[in-house]
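What follows is a set of notes on a single structure, which appears directly below.
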Amino acid sequence: MFTALLTVISLTAGTCNAVKVHRAASDDVTFAEPVVKRGKLAIAISGGLRGFDQCAQSQIDAFVKPNAELFESIDIFVATWNDRGCMRDGMPVESSTQPTQELVQEVYSAAGHAVKNMWMGNHATYHEYHRKPAVDGKWPYAFRQQMLDNSHDMWILWQALMSMITPDYDAIIRLRPDLCFSDGYKVQLRQTSDASYVALLVSPFSLPAYAGKAEGTRTEQQTLEIPLEKDSVYMGANMFHADAYNHTSSTIPDDMVGFGLYAPMEGVFGTMFMHADAGMFNVTDEEYSRFYGDPATETGHDTLDHPQQFVNPPGSWIRERYPEKALKHQILRSGYRYALIEDAWFNPYYTAAVKRDCA
Numbered sequence: 456m457f458t459a460l461l462t463v464i465s466l467t468a469g470t471c472n473a474v475k476v477h478r479a480a481s482d483d484v485t486f487a488e489p490v491v492k493r494g495k496l497a498i499a500i501s502g503g504l505r506g507f508d509q510c511a512q513s514q515i516d517a518f519v520k521p522n523a524e525l526f527e528s529i530d531i532f533v534a535t536w537n538d539r540g541c542m543r544d545g546m547p548v549e550s551s552t553q554p555t556q557e558l559v560q561e562v563y564s565a566a567g568h569a570v571k572n573m574w575m576g577n578h579a580t581y582h583e584y585h586r587k588p589a590v591d592g593k594w595p596y597a598f599r600q601q602m603l604d605n606s607h608d609m610w611i612l613w614q615a616l617m618s619m620i621t622p623d624y625d626a627i628i629r630l631r632p633d634l635c636f637s638d639g640y641k642v643q644l645r646q647t648s649d650a651s652y653v654a655l656l657v658s659p660f661s662l663p664a665y666a667g668k669a670e671g672t673r674t675e676q677q678t679l680e681i682p683l684e685k686d687s688v689y690m691g692a693n694m695f696h697a698d699a700y701n702h703t704s705s706t707i708p709d710d711m712v713g714f715g716l717y718a719p720m721e722g723v724f725g726t727m728f729m730h731a732d733a734g735m736f737n738v739t740d741e742e743y744s745r746f747y748g749d750p751a752t753e754t755g756h757d758t759l760d761h762p763q764q765f766v767n768p769p770g771s772w773i774r775e776r777y778p779e780k781a782l783k784h785q786i787l788r789s790g791y792r793y794a795l796i797e798d799a800w801f802n803p804y805y806t807a808a809v810k811r812d813c814a
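Be aware that the sequence shown starts at 456, since it is given in the numbering used here, and climbs by one per residue.
Structure follows, in structure tokens:
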């Protein structure tokens with residue numbers, strides 16, 4: 456028996472309050488026998504495909520198979536671009552295989568579960584749309600608006616993804632296509648007798664040595680149970696953006712994986728692009744501090760590249776220099792809450808390796 460850590464975040468009187476919730480986890484990972492299959496689960500996948508063909512099987516094993524006997528319907532939805540977005544040594548490279556809807560369907564079908572619906576956009580059509588008019592002022596980095604592009608492109612896909620998922624789905628698990636999950640890692644959503652849901656997370660047998668993240672092995676698996684609230688989304692804690700002066704804790708959600716009931720997931724991920732375009736994140740310095748506090752408190756290892764300042768200049772499409780920080784602000788400004796999974800053995804930030812390389 457051991458204790459895992461979950462941090463619940465809410466917004467009260469313009470400040471961010473973290474409540475530490477300790478939940479006991481058991482060595483017993485036997486799933487409860489279902490009485491009746493009921494409800495619908497959406498597996499929502501969005502982002503650059505990159506090495507998705509290396510990861511699809513681990514995604515099916517982690518999210519589809521553990522729920523197969525619990526839901527009447529489990530459907531995969533994909534939103535991506537018509538280029539792979541491959542990286543090598545930190546630089547974009549061309550892939551020998553250009554993505555098509557047929558290729559995506561072939562990969563996931565071979566892994567054991569076909570894609571129900573898919574959106575594939577022309578990346579060049581959307582890229583840099585948000586840059587007009589040009590904004591003067593000091594930017595955090597010399598390459599100026601490149602990170603704005605990253606946020607913009609990500610949220611276009613979130614909007615396209617969520618638009619395919621109808622309200623008759625009970626819950627949503629959202630993830631990136633280039634995430635390969637460690638063997639044994641599982642997320643199961645159980646419906647309880649009172650029609651609410653509990654997420655059961657199962658730890659993997661090992662953690663990857665990846666990008667400075669934790670690594671290790673275990674001979675036994677453990678579980679973590681998290682009741683799903685009607686106003687909350689659940690994600691791993693992003694430890695790169697850990698709070699200033701305290702790199703062992705974070706209030707910044709990691710956007711690679713998130714899960715929750717339909718309403719909060721759609722309300723958070725389905726509206727972010729719309730809110731950004733409407734100016735929600737284009738706030739003054741005074742408004743930024745009033746809403747979120749001093750931006751220096753939301754920094755951790757992300758100061759190692761010596762930004763000239765912590766936010767984009769006034770008038771930017773968004774003031775946040777990293778999309779993870781904007782996601783936190785989106786959740787709080789939209790009236791939702793989020794819970795961060797900090798224990799490395801359950802946190803997707805640690806349990807998945809990102810496959811940016813592809814053939």
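Ideal Cβ placement from N, Cα and C applies to all residues, glycine included.
All of these numbers come straight from a predicted model, not from anything done at the bench.
Three-state secondary structure (DSSP) of residue i
i, result
"Y815", "One cannot answer for residue 815 here, as it falls past the ends of the chain, which runs 456 to 814."
"L679", "strand"
"T621", "coil"
"P708", "strand"
"K492", "coil"
"P521", "helix"
"L558", "helix"
"Y563", "helix"
"F532", "strand"
"V809", "strand"
"W613", "helix"
"G671", "strand"
"P768", "coil"
"S606", "helix"
"E527", "coil"
"E775", "strand"
"P750", "helix"
"S465", "Interpretation of S465 is limited by its pLDDT of 43, a score under 50 that renders its predicted location unreliable; the figure taken from the coordinates is listed afterwards. Strand, per DSSP."
"V723", "helix"
"D649", "coil"
Own chain, CB closer than 6 Å to residue i, minus 5 neighbours either side, in chain order
i, result
"V642", "F518, L656"
"A499", "F532, L616, I627, R629"
"V712", "L630, P803"
"V491", "none"
"V548", "C541"
Run of the beta strand (DSSP E) containing residue i, from where it starts to where it stops
i, result
"S744", "Not the beta strand (DSSP E): S744 falls in the alpha helix (DSSP H), residues 740 to 747."
"Y652", "652 to 657"
"G691", "687 to 692"
"Q643", "641 to 646"
"F636", "634 to 636"
"Y793", "792 to 796"
"I628", "626 to 630"
Endpoints, the alpha helix (DSSP H) within which residue i is located
i, result
"M727", "727 to 732"
"K780", "778 to 788"
"F507", "507 to 514"
"A579", "578 to 581"
"T806", "803 to 806"
Where residue i falls, given that 16 or more other Cβ within 10 Å makes a residue buried
i, result
"H696", "buried"
"A497", "buried"
"S606", "buried"
"K783", "buried"
"N522", "buried"
"N693", "buried"
"M690", "buried"
"A731", "buried"
"S501", "buried"
"G725", "buried"
"A650", "exposed"
"G506", "buried"
"T674", "exposed"
Nearest-angstrom beta carbon gap, residue j and residue i [assumed within contact, 8 Å]
i, j, result
"Y717", "A626", "6 Å"
"K520", "P768", "Going by Cβ atoms, the distance from K520 to P768 rounds to 47 Å, so no, they are not a contact pair."
"W610", "F728", "4 Å"
"F714", "A654", "6 Å"
"L787", "Q646", "At roughly 28 Å, the Cβ-Cβ gap does not stay under 8 Å, so L787 and Q646 are not in contact."
"S513", "F660", "At roughly 13 Å, the Cβ-Cβ gap does not stay under 8 Å, so S513 and F660 are not in contact."
Close beta carbons around residue i, own chain, < 8 Å, minus the five adjacent residues each side
i, result
"L504", "T535, W536, R539, G540, P554, V559, P632, D633, C813"
"G734", "none"
Sequence-distant residues of the same chain with beta carbon closer than 7 Å to residue i, five excluded per side
i, result
"K571", "D530, I531, F532"
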